[in-house]
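Quick note: to get our numbering, add 247 to the position in the sequence shown (first position is 1).
Cβ atoms here follow ideal geometry from the backbone N, Cα and C, with glycine treated the same way.
Worksheet: one structure, shown below.
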Amino acid sequence: MRRSHSSRTGFTLVELLVVIAIIGILIALLLPAVQAAREAARRSQCTNNAKQIALACHNYADSFKTFPPRAVWGYEIGTPPYRHYHHTWLTMVLPFMEQQGLYDSVDFQLPAWGQPHVQQVVAGLLCPSDVGYNKPSQTHNLAWTNYAGCEGFDWWEARNVGTPYLPVASRVRPLFSCENDPALGSGGRRPEAYDTADIVDGTSNTVLAVEITSYGFINTGGLDKMGDGVPINSANTYTCAAFVDVTTDGAIGAGPWTKADGSGQGTWIYQWGVGTAMRGPIFMIRGGLNSHPYGCNSLHPGGANFALCDGSVRFTAETLDYATFNYLCSMADRRPIEK
248 MRRSHSSRTG FTLVELLVVI AIIGILIALL LPAVQAAREA ARRSQCTNNA
298 KQIALACHNY ADSFKTFPPR AVWGYEIGTP PYRHYHHTWL TMVLPFMEQQ
348 GLYDSVDFQL PAWGQPHVQQ VVAGLLCPSD VGYNKPSQTH NLAWTNYAGC
398 EGFDWWEARN VGTPYLPVAS RVRPLFSCEN DPALGSGGRR PEAYDTADIV
448 DGTSNTVLAV EITSYGFINT GGLDKMGDGV PINSANTYTC AAFVDVTTDG
498 AIGAGPWTKA DGSGQGTWIY QWGVGTAMRG PIFMIRGGLN SHPYGCNSLH
548 PGGANFALCD GSVRFTAETL DYATFNYLCS MADRRPIEK
């Protein structure tokens with residue numbers, strides 16, 4: 248009598264563990280490549296956003312013969328305190344970014360504060376690599392932006408950069424700076440609008456706008472540094488509002504202006520006293536790239552996108568020389584830029 252033996256097929260425990268180990272190794276090898284590809288796509292979209300903003304500013308200049316000023320602060324009618332309007336340069340270029348409807352909803356004869364457009368998030372103003380926020384209720388009901396124009400070395404827009412970066416006779420003069428106005432008293436300044444002829448360094452050598460992050464970076468090695476900061480956590484943020492020109496407590500000196508909410512006189516720009524710090528779509532160059540809460544910051548590895556005044560966009564490494572960074576952000580230092 249014959250006995251039939253059924254053959255068994257399958258994995259032994261050892262074989263199964265080997266297969267699992269191989270799959271794990273393959274995933275470990277592929278995951279960085281997948282993440283890098285996704286970041287490359289996000290950076291490409293960010294580059295396109297910066298490009299569209301630069302082109303919008305150029306189209307604005309074609310229509311109005313100047314680039315947009317940093318902001319519309321108000322009108323001097325009667326006696327101080329004057330009413331503060333807070334409309335930003337990004338608000339002014341909305342029609343040239345396919346946002347005519349949003350622009351038409353703005354009443355420029357009233358302060359920006361309290362108008363519905365200040366809460367409207369525009370996708371083209373957000374870097375896809377920065378997912379810090381997803382709704383305006385997280386940012387004092389203000390839409391935010393990841394792109395900002397240069398206001399100068401620090402809060403006092405025309406301040407000199409100390410030796411050895413710029414000579415005493417040469418001041419950082421950015422595109423979104425302010426000029427002295429005697430009508431506003433001692434130290435009084437107002438946003439100025441410049442045309443292409445004012446960019447004496449050349450449009451391809453002058454920054455128009457750069458990236459900034461939702462949370463900002465904190466500097467760990469002092470000022471005059473590049474790329475030595477670390478991202479700030481969400482408990483203490485330095486976010487740029489897209490459509491309201493605001494800044495943090497103590498940043499701007501007193502002047503004959505009322506605050507945006509009408510709560511009193513004493514500052515040129517509305518201030519936040521507590522909580523998340525909000526500012527307008529501007530940055531200062533004092534701390535360098537990826538090194539300062541109020542500076543140019545990016546979550547792309549190694550650098551940030553710079554939109555230049557000729558409409559081009561350049562990905563700039565955070566290892567860029569600090570002095571060169573200062574020169575790029577000035578439109579009239581008359582210093583050559585090494586490519």
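Beta-carbon proximity list for residue i, same chain, < 8 Å, skipping 5 on both sides
i, result
"N388", "V365, Q366"
"F355", "V319, Y332, H334"
"Q347", "L341"
"P548", "E286"
"A268", "none"
"L357", "Y332"
Simplified DSSP assignment, three categories, for residue i
i, result
"Y574", "helix"
"T566", "coil"
"N388", "coil"
"Q512", "Confidence at Q512 is low in this model, with a pLDDT of 49, below 50, so its placement is unreliable and the value that follows should be read with caution. Strand, per DSSP."
"E262", "helix"
"G602", "Outside the displayed range of the chain (248 to 586) lies residue 602, so it cannot be described from this structure."
"V369", "coil"
"I465", "strand"
"A440", "coil"
"E458", "strand"
"A318", "strand"
"A579", "coil"
"T335", "strand"
"L536", "coil"
"L555", "strand"
"T313", "coil"
"I479", "coil"
"I597", "Past the boundaries of the shown model lies residue 597; the chain is included only from 248 to 586, so the question cannot be answered."
"M525", "strand"
"I267", "helix"
"T486", "strand"
"V281", "helix"
"M344", "helix"
"C293", "helix"
Cα-Cα separation, residue i to residue j
i, j, result
"D568", "H539", "16 Å"
"D442", "Q299", "19 Å"
"T313", "P375", "30 Å"
"A283", "G558", "27 Å"
"G463", "N544", "6 Å"
"E565", "S310", "35 Å"
"Q362", "V353", "7 Å"
"L546", "R290", "9 Å"
"E439", "I446", "13 Å"
"V521", "N537", "Its pLDDT being 44, under 50, V521 is placed unreliably in this model, and the value from its coordinates should be taken loosely. Spanning the two alpha carbons is a distance of roughly 24 Å."
"P315", "N306", "10 Å"
"K382", "M525", "15 Å"
"N613", "F400", "In this structure the chain extends from 248 to 586, so residue 613 is not present and cannot be described."
"A370", "G535", "27 Å"
"A280", "A444", "46 Å"
"A288", "T259", "43 Å"
"G542", "G474", "11 Å"
"D351", "D580", "38 Å"
"L349", "T386", "20 Å"
"L278", "V265", "20 Å"
"A308", "C556", "11 Å"
"G271", "P421", "52 Å"
Residues of its chain near residue i, where Cβ-Cβ distance is below 6 Å and the 5 sequence neighbours each way are ignored
i, result
"H303", "For clarity, residue 303 is Ala in the given sequence; the question names His instead. Closer than 6 Å at Cβ, skipping near neighbours: V340, F343, M344."
"S461", "D377, G379, Y380, T486"
"F553", "V454, V457, R561, T563"
"G550", "F562, T563, A564, E565"
"A212", "For residue 212 there is no data in the structure shown, the boundaries of the chain being 248 and 586."
"C293", "C374, N552"
Among the options, nearest to residue i - alpha-carbon criterion
i, options, result
"G392", "S577, F530, D557", "What sits at residue 392 in the sequence shown is Thr, not Gly. It is F530 whose Cα lies nearest to the Cα of T392."
"R317", "V457, F423, R526, S310", "F423"
"A570", "K472, V281, R290, E262", "K472"
"L575", "L357, N544, T259, I532", "I532"
"N295", "G361, R285, V261, L372", "L372"
"D492", "E398, G474, A280", "E398"
"G449", "S577, I269, G534", "S577"
Neighbourhood of residue i by C-beta distance below 7 Å, restricted to the same chain and skipping five residues each side
i, result
"F490", "T335, L337, T338, A359, H364, V365, A390"
"A395", "A456, V457, I459, C487, P528, I529, F530"
"I465", "G476, V477, I479, P540"
"E262", "none"
"V368", "P383, A390"
The ligand FAD heavy atom lying under 6 Å from the CB of residue i
i, result
"Y541", "The ligand FAD is absent from the structure shown, which contains no ligand whatsoever."
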